[in-house]
Amino acid sequence: MIISETVNGHIIKRRSISIKSKLRLTMFIVVTLTFLTCAFSFFLLKGNAQVMPEYYLSLSVSKGDTLWSIARDSLPKGRDIRDYIIEIREWNKLETAYIIEGQILEIPIYGTSLPDEDSTAAGMID
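The sequence shown runs 7 to 132 under the working numbering.
In structure tokens form, the structure reads like this:
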């Protein structure tokens, strides 16, 4: 539909959008909202996906070791060390971060690379 009006002596023609079918408009809105909801949910769930460790490294605690130092040596890239320490504590059923020499810990390892050999080789258990 074309609408014409006069502004300062000039005729201006405008096109207006005419809704031919309310059913079509309703279907378009429903399909669009459904698509946006699915896309948003997909990205939201993908961000919360948890990656499982590839394996666990058994480690004997050496004198002077702390959970912080052990976690720092095995920390996956892009991971917050505090979250990693919590994961180690939960997996080993530790109520506190206190560990003692000779204690055996299982450290979750992500990816294909091993942790720093200098820090863990002495504590590995075969």
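Virtual Cβ for every residue (Gly too), placed ideally from N, Cα, C.
Quick caveat: nothing in here was measured; it's all calculated off a predicted structure.
Query: Compare the C-alpha of Gln109 against each of Gly70, Pro82, Asp86 and Thr32 and name the closest.; Result: Gly70
Query: Taking the alpha-carbon of Ile105 as reference, which of Lys19, Ile91 and Thr38 has the nearest alpha-carbon?; Result: Ile91
Query: Below 8 Å on the Cβ atoms is my contact criterion, and I expect Ser80 with Glu107 to pass it. Report the Cβ-Cβ distance as a whole number of Å.; Result: No, Ser80 and Glu107 are not in contact; Cβ-Cβ is about 18 Å, not under 8 Å.
Query: Does the beta-carbon of Ile76 have 16 or more other beta-carbons within 10 angstroms, so that it is buried, or is it exposed?; Result: buried
Query: Below 8 Å on the Cβ atoms is my contact criterion, and I expect Ile94 with Leu63 to pass it. Report the Cβ-Cβ distance as a whole number of Å.; Result: Not confirmed; about 11 Å, so no contact.
Query: Would you mind reading off the limits of the beta strand (DSSP E) that contains Ser66?; Result: Tyr61 to Ser66
Query: If you draw a straight line from the C-alpha of Lys28 to the C-alpha of Phe41, how long is it?; Result: 20 Å
Query: Nearest CA to the CA of Pro114: which residue from Arg88, Ala103 and Trp97?; Result: Trp97
Query: In the DSSP output, what is Glu112 paired with across the bridge?; Result: Ser64
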